[in-house]
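Novice: Going left to right, the sequence shown walks through residues 1 to 215 as the numbering used here numbers them.
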Amino acid sequence: MKNILILGASGSIASLVEQNLIDESQIKMTLLVRHPERLAKQFQNDSRVTIVVADVVKDYDRLVDTMRGQDAVYANLYGSNLGLQGKSVVKAMGEAQVKRIIWISANGIYNEIPGKYGKWNASMLGRTLDAYAAGAKAIESSKLDYTIIRPAWFSDKTTVRYELTQKGQPFKGTEVSRASVAAYVTSLILDSKQAIKQSVGINEPGTAGAKPSFY
Numbered sequence: 001m002k003n004i005l006i007l008g009a010s011g012s013i014a015s016l017v018e019q020n021l022i023d024e025s026q027i028k029m030t031l032l033v034r035h036p037e038r039l040a041k042q043f044q045n046d047s048r049v050t051i052v053v054a055d056v057v058k059d060y061d062r063l064v065d066t067m068r069g070q071d072a073v074y075a076n077l078y079g080s081n082l083g084l085q086g087k088s089v090v091k092a093m094g095e096a097q098v099k100r101i102i103w104i105s106a107n108g109i110y111n112e113i114p115g116k117y118g119k120w121n122a123s124m125l126g127r128t129l130d131a132y133a134a135g136a137k138a139i140e141s142s143k144l145d146y147t148i149i150r151p152a153w154f155s156d157k158t159t160v161r162y163e164l165t166q167k168g169q170p171f172k173g174t175e176v177s178r179a180s181v182a183a184y185v186t187s188l189i190l191d192s193k194q195a196i197k198q199s200v201g202i203n204e205p206g207t208a209g210a211k212p213s214f215y
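So, in structure tokens, the structure goes:
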């Protein structure tokens with residue numbers, strides 16, 4: 001049995017990952033949330049799912065206790081204090097002796113998007129992009145076995161179709177389906193040796209342009 005802790009478990013991507021993992025009999029999930037009522041009802045009575053109500057910064061001791069015995073952490077966090085959240089997660093993982101983390105960030109944190117889309121993305125995200133960059137920096141500066149994922153703008157397509165870029169490479173597309181990001185996260189959880197100490201951009205092929213098609 002592989003024990004997976006999901007932080008920010010009620011988020012849109014996390015919810016899809018959870019739906020993928022519930023079909024994997026060898027996976028046991030711990031879902032850490034601030035608002036448990038937002039979780040799918042099917043997880044509230046499943047023997048392989050544990051729900052913990054906590055904030056990764058304010059409830060640090062509970063975070064450490066929850067991390068003990070986990071094989072990997074998948075963090076789908078959001079907020080203006082992502083840098084602080086990242087530092088709290090790194091410290092807690094050190095205390096709990098957990099090494100593997102998958103961290104969702106955003107495209108543009110390294111100014112890696114060329115052309116008009118790069119300018120549009122920066123203007124749309126504003127200070128939120130700074131928060132994502134601070135969170136990623138906390139993870140990259142750690143000794144953890146991390147994978148940082150930098151998605152393009154989310155579409156509601158149900159198809160799974162994506163391409164990846166590495167840190168230092170120009171970002172390619174403007175959008176990606178939530179289902180695609182969830183599929184990639186799921187693959188990293190099932191094969192935790194992939195993409196260690198990498199920061200990976202993810203987008204749908206053929207979506208290059210000045211902005212996503214739905215804007």
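Note that CB positions come from ideal geometry on N, CA and C, so glycine has one too. Being a predicted model, the structure only gives us computed values, none of them experimental.
Report the start-end ranges of each beta strand (DSSP E) in the segment 39-110 that is 3 residues or longer and not cut off at the edges.
Specialist: List check, beta strand (DSSP E) in window: 49-53, 72-75, 100-104.
Novice: Could you tell me the boundaries of the alpha helix (DSSP H) in which Gln19 lies?
Specialist: Its alpha helix (DSSP H) spans residues 12-21.
Novice: Pop quiz: Val73 and Val53 are said to be a contact at Cβ under 8 angstroms. What is the actual Cβ separation, rounded to whole angstroms?
Specialist: At roughly 17 angstroms, the Cβ-Cβ gap does not stay under 8 angstroms, so Val73 and Val53 are not in contact.
Novice: Going by C-alpha to C-alpha distance, which of Lys167, Glu175, Ala182, Leu129 sits closest to Phe154?
Specialist: Phe154 has its Cα closest to that of Glu175, out of Lys167, Glu175, Ala182, Leu129.
Novice: With distance defined between alpha-carbon atoms, name the residue in Asp59, Lys58, Ser15 nearest to Arg38.
Specialist: When each option's Cα is compared against that of Arg38, the closest is Ser15.
Novice: Between which residues of its own chain and Thr105 is the CB-CB distance below 7 angstroms, once the five residues before and five after are set aside?
Specialist: Per the sequence presented here, residue 105 reads as Ser, with Thr not at that position. Result list for Ser105: Tyr132, Gly135, Ala136, Ile148, Ile149, Arg150, in chain order.
Novice: Taking one C-beta from the segment 166-173 and one from the segment 2-14 each time, how about it: are there three or more such pairs within less than 8 angstroms?
Specialist: Touching, no, given that fewer than three Cβ pairs across the two stretches are closer than 8 angstroms.
Novice: May I have the straight-line CA-CA distance separating Tyr60 from Leu144, to the nearest angstrom?
Specialist: Whole-angstrom Cα-Cα distance: 18 angstroms.
Novice: Would you mind working out which of Val160, Arg178, Val98, Lys58 sits nearest Leu146, comparing C-alpha positions?
Specialist: Note that residue 146 is Tyr in the sequence shown, not Leu. The candidate whose alpha carbon is nearest that of Tyr146 is Val98.
Novice: On the three-state DSSP scale, how would you describe Ser180?
Specialist: DSSP places Ser180 in helix when its eight states are reduced to three.
Novice: Let's test the definition: count the other Cβ atoms within 10 Å of the Cβ of Gln85 and tell me whether it reaches 16, buried, or not, exposed.
Specialist: Result: buried.
Novice: Quick one: what's got a C-beta closer than 7 angstroms to Ala182's C-beta in the same chain, skipping five residues either side?
Specialist: So the qualifying residues of the chain are Ile13, Leu16, Val17, Asn20.
Novice: Counting C-beta neighbours from all protein chains within 10 Å, is the total for Ser10 16 or more, i.e. buried, or is it exposed?
Specialist: Ser10 should be labelled buried.
Novice: CA-CA distance, Asp46 and Ala138?
Specialist: About 33 angstroms.
Novice: Taking the beta carbon of Pro212 as the centre, do at least 16 other beta carbons fall within 10 Å, making it buried, or is it exposed?
Specialist: Classification for Pro212: buried.
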